[in-house]
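Working notes for the structure below.
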Amino acid sequence: MLGGGQLGRMFTVAARTLGYRVTVLDPDPLSPAAEFATGHLNTAYTHPVSLDELAQTCAAVTTEFENAPAEALTALAARTIVRPSGSAVAVAQDREREKGFLAEHGFPLGPYAAIHTEADIAAALARVKLPALLKTARFGYDGKGQATIASGADLERVFVEWKRVPCVLEQRLVLEKELSVILARSASGAVAVFPVAENAHARGILDISIAPARVPEALAAEATALATRLAAALDYVGVLAVEIFVVGGKLFINEIAPRPHNSGHYTIDACRTSQFEQQVRVLCDLPLGDPSLHTPAVMVNLLGDIWRDGEPRWEAVLRHPGAHLHLYGKRDARPGRKMGHVTVCEATLERALEVALAIRKDLGIAESG
Numbered sequence: 000m001l002g003g004g005q006l007g008r009m010f011t012v013a014a015r016t017l018g019y020r021v022t023v024l025d026p027d028p029l030s031p032a033a034e035f036a037t038g039h040l041n042t043a044y045t046h047p048v049s050l051d052e053l054a055q056t057c058a059a060v061t062t063e064f065e066n067a068p069a070e071a072l073t074a075l076a077a078r079t080i081v082r083p084s085g086s087a088v089a090v091a092q093d094r095e096r097e098k099g100f101l102a103e104h105g106f107p108l109g110p111y112a113a114i115h116t117e118a119d120i121a122a123a124l125a126r127v128k129l130p131a132l133l134k135t136a137r138f139g140y141d142g143k144g145q146a147t148i149a150s151g152a153d154l155e156r157v158f159v160e161w162k163r164v165p166c167v168l169e170q171r172l173v174l175e176k177e178l179s180v181i182l183a184r185s186a187s188g189a190v191a192v193f194p195v196a197e198n199a200h201a202r203g204i205l206d207i208s209i210a211p212a213r214v215p216e217a218l219a220a221e222a223t224a225l226a227t228r229l230a231a232a233l234d235y236v237g238v239l240a241v242e243i244f245v246v247g248g249k250l251f252i253n254e255i256a257p258r259p260h261n262s263g264h265y266t267i268d269a270c271r272t273s274q275f276e277q278q279v280r281v282l283c284d285l286p287l288g289d290p291s292l293h294t295p296a297v298m299v300n301l302l303g304d305i306w307r308d309g310e311p312r313w314e315a316v317l318r319h320p321g322a323h324l325h326l327y328g329k330r331d332a333r334p335g336r337k338m339g340h341v342t343v344c345e346a347t348l349e350r351a352l353e354v355a356l357a358i359r360k361d362l363g364i365a366e367s368g
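Rendered as structure tokens:
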């Protein structure tokens, strides 16, 4: 496993449960995934000795974050099984390349423009109406590497402040819903799609996910079809997340993630097979599991902000029989840092949402917005 954060941790738990040994390559000596792994290579992701050890000792390699060096995955693929491929990860980790791929294959996108130098700004403003979002082409996540642009002067200023790194300017759309579709696709092309989730964000970070999404069945089916077609276009093997906007009753793809996704954490407690077990199954050529829901669910992210007065009182969560607490073992609870999540499973979606909102309030989590 390249990467040892919480996604790697939950993958490692699933893999160990199925009897596999796991080596984690992560430069963090306190890697959350390494706590459960059988081995931890505590080096840079491109360290040649570590990559050689992975190639020699691991029957298959995967990753838990899109910024894993694609070239390392490609090099490993010459010596062992790698899923997803370095080429697929390379598309997902660069917004400009991702947008270009989606446009080339006819997927619905909002207006956007690439900016490499100040000379590109005038053409970008002609193509994209303001207000808009400026995003770095690489290494942005959870609201990082993003800025709201209200004027041409804003755009010029932020671009210079960001030291003129390649960027993408995206028109700000008036959203009715934010959805995500998570699927697993095997090497043979078999696909298992989880129920569409509905997401709400706060300060650019996922706040809650609701599954199934409160959208018409036909719209959910359309979103599922889009994600399935995208996975085929990428020749993708692994677990893929596709973030989708609903605007005027129509679907627009926002971005893709070549890994399990925060909005799919509900699958651990609410589905017959979790997104992490699916990642193990794809990697090890096992039959895909059943992705169906056995109960409606609402997932609440737990950020470091609620540790402001020390360890939160988890009684506020655990007194609810349908609530499942997952903590990631991170030592430093910084504001905005993902420290864990709670999934509430109830007989009805309305009840699950009611309990989830009560838990948020008891833990002192600010309202979404």
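Under numbering that gives the first Met the number 0, the sequence shown is numbered contiguously, ending at residue 368. Yeah, the Cβ is synthetic: ideal placement off N, Cα and C, and Gly gets one too. Since the model is a prediction, treat every value here as computed from it, not as a measurement.
Considering Leu225, what are the terminal residues of the alpha helix (DSSP H) in which it resides? Position 226 of the sequence shown holds residue 225. From DSSP, the alpha helix (DSSP H) with Leu225 extends over 216-232.
From the DSSP secondary-structure annotation, give me the bridge partner or partners of Glu169. Locating residue 169 in the sequence shown gives position 170, counting from the first residue. Its beta-bridge partners are Tyr111, Leu132.
Quick one: any contact between the segment 325-338 and the segment 303-312, if contact means 3 or more CB pairs under 8 Å? yes
Determine the DSSP secondary structure at Ala77, reduced to helix, strand or coil. Position 78 of the sequence shown holds residue 77. Three-state result, Ala77: coil.
Could you tell me whether the Cβ atoms of Pro257 and Val88 are closer together than 7 Å? Start at 1 with the first residue of the sequence shown, and residue 257 comes out as number 258. Start at 1 with the first residue of the sequence shown, and residue 88 comes out as number 89. Cβ atoms of Pro257 and Val88: closer than 7 Å.
Tell me the rounded alpha-carbon separation between Val48 and Gln145. Walking along the sequence shown from the start, residue 48 turns up at place 49. Walking along the sequence shown from the start, residue 145 turns up at place 146. About 35 Å.
Once DSSP output is grouped into helix, strand and coil, what is the label at Gly105? Looking up residue 105 in the sequence shown gives position 106. Here Gly105 sits in coil by DSSP.
Inter-residue Cα distance where the pair is Val180 and Ala149: Locating residue 180 in the sequence shown gives position 181, counting from the first residue. Locating residue 149 in the sequence shown gives position 150, counting from the first residue. Their backbone Cα atoms lie some 31 Å apart in a straight line.
Pair every Cβ in the segment 176-194 with every Cβ in the segment 242-262, then say whether three or more of these pairs are closer than 8 Å. yes
Quick check on Arg202: does DSSP put it in helix, strand or coil? Working through the sequence shown from its first residue, we reach residue 202 at position 203. The answer is coil: DSSP assigns Arg202 none of H, G, I, E or B.
Could you check whether Phe275 and Phe10 sit closer than 7 Å to each other, using their CB atoms as the reference points? Taking the sequence shown and counting its residues from 1, the one referred to as residue 10 is at position 11. Taking the sequence shown and counting its residues from 1, the one referred to as residue 275 is at position 276. Yes, these two residues count as a Cβ contact at 7 Å.
Which term fits Glu349, buried or exposed, when burial requires 16 or more other beta carbons within 10 angstroms of its beta carbon? As a working note, residue 349 is residue 350 in the sequence shown. With fewer than 16 other Cβ atoms within 10 Å, it is exposed.
Can you look up Met9 in the DSSP assignment and give me helix, strand or coil? Position 10 of the sequence shown, counting from 1, holds the residue named residue 9. Note: Met9 maps to helix in three-state DSSP.
Measure the CB-CB distance between Val297 and Ala351 and report whether it falls below 7 Å. As a position in the sequence shown, residue 297 is number 298, starting the count at 1. As a position in the sequence shown, residue 351 is number 352, starting the count at 1. Yes.
Where does Lys98 sit, in a helix, a strand or coil, going by DSSP? Walking along the sequence shown from the start, residue 98 turns up at place 99. Residue state, collapsed to three classes: helix.
Measure how close the beta-carbons of Ala382 and Leu50 come, nearest whole angstrom, since I'm counting them as under 8 Å. No information on residue 382 is available, as it lies outside the stretch 0 to 368 that the chain covers here.
Between Ala14 and Val21, what straight-line distance do the alpha-carbon atoms span, to the nearest angstrom? The residue labelled residue 14 in the question sits at position 15 within the sequence shown. The residue labelled residue 21 in the question sits at position 22 within the sequence shown. Cα to Cα, Ala14 sits roughly 7 Å from Val21.
Based on the DSSP output, what are the partners of Met298 in its beta bridges? As a working note, residue 298 is residue 299 in the sequence shown. Met298 pairs with Ser208, Thr342.
Near Gly247, which residues of its chain fall below 6 Å by C-beta distance, leaving aside the five closest residues on each side in sequence? Taking the sequence shown and counting its residues from 1, the one referred to as residue 247 is at position 248. So the list is empty, once near-sequence residues are dropped.
Could you tell me whether the Cβ atoms of Glu97 and Gly7 are closer together than 7 Å? Here residue 97 refers to the residue found at position 98 of the sequence shown. Here residue 7 refers to the residue found at position 8 of the sequence shown. Their beta carbons are not under 7 Å apart, which means Glu97 does not touch Gly7 by this criterion.
Using the DSSP secondary-structure output, state which residues sit across from Gln92 in a beta bridge. Translated into positions along the sequence shown, residue 92 becomes position 93. Paired residue(s): none; Gln92 is not in a bridge.
Give the straight-line distance between the Cα atoms of Glu254 and Asp27, rounded to the nearest whole angstrom. Reading the sequence shown from its first residue, position 255 is the one you call residue 254. Reading the sequence shown from its first residue, position 28 is the one you call residue 27. Rounded to whole angstroms, Glu254 to Asp27 spans 27 Å at the Cα level.
Could you tell me whether the segment 339-348 touches the segment 288-297, using the rule of 3 or more Cβ pairs below 8 Å? yes
On a CA-only basis, which of Ile80, Cys166, Gly109 is nearest Glu117? Give me that one, please. By one-based count along the sequence shown, residue 117 stands at place 118. Measuring from the Cα of Glu117, the nearest candidate turns out to be Cys166.
Tell me the DSSP secondary structure of Arg258 in three-state form. By one-based count along the sequence shown, residue 258 stands at place 259. Reduced to three states, the DSSP call for Arg258 is coil.
Does the distance from the CB of Ala196 to the CB of Ala217 come in under 7 Å? The residue given as residue 196 occupies position 197 in the sequence shown. The residue given as residue 217 occupies position 218 in the sequence shown. No, they are not a contact pair.
Do you know whose CA, among Ser185, Leu317, Glu34, Asp268, lies nearest Ala230's CA? For the purposes of this step, residue 230 is taken as the residue at position 231 of the sequence shown. Of the listed residues, the one whose Cα sits closest to Ala230 is Ser185.
Helix, strand or coil for Val60? Go by DSSP, reduced to three states. Locating residue 60 in the sequence shown gives position 61, where the first residue counts as 1. Residue state, collapsed to three classes: strand.
Please name the residue, chosen from Thr266, Gly18, Lys249, Gly85, that lies closest to Leu285 on a Cα-to-Cα basis. Locating residue 285 in the sequence shown gives position 286, where the first residue counts as 1. Minimum Cα distance to Leu285 is reached at Gly18.
Drop a sphere of 10 angstroms on the beta-carbon of Lys162, count the other beta-carbons inside from all chains shown, and report buried for 16 or more, exposed for fewer. On the sequence shown, position 163 is the one that residue 162 refers to. Classification for Lys162: exposed.
Could you tell me the boundaries of the beta strand (DSSP E) in which Thr22 lies? For this step, residue 22 is matched to residue 23 along the sequence shown. Segment 22-24, the beta strand (DSSP E) holding Thr22.
I need the DSSP call for Leu174, collapsed to helix, strand or coil. For the purposes of this step, residue 174 is taken as residue 175 along the sequence shown, with counting starting at 1. It is coil, neither helix nor strand.
Outcome for Pro31 when other beta-carbon atoms lying within 10 angstroms are tallied against a minimum of 16: Translated into positions along the sequence shown, residue 31 becomes position 32. It counts as buried.
So, are the CB atoms of Leu287 and Ala224 less than 7 Å apart? For this step, residue 287 is matched to residue 288 along the sequence shown. For this step, residue 224 is matched to residue 225 along the sequence shown. It is not a contact, given that the beta carbons lie outside the stated cut-off.
Local conformation of Arg184 per DSSP, three classes: Here residue 184 is taken as the residue at index 185 of the sequence shown, counted from 1. Note: Arg184 maps to strand in three-state DSSP.
Through-space distance from His46 to Ala136, alpha-carbon basis: Counting from 1 along the sequence shown, the entry for residue 136 is found at position 137. Counting from 1 along the sequence shown, the entry for residue 46 is found at position 47. Their backbone Cα atoms lie some 25 Å apart in a straight line.
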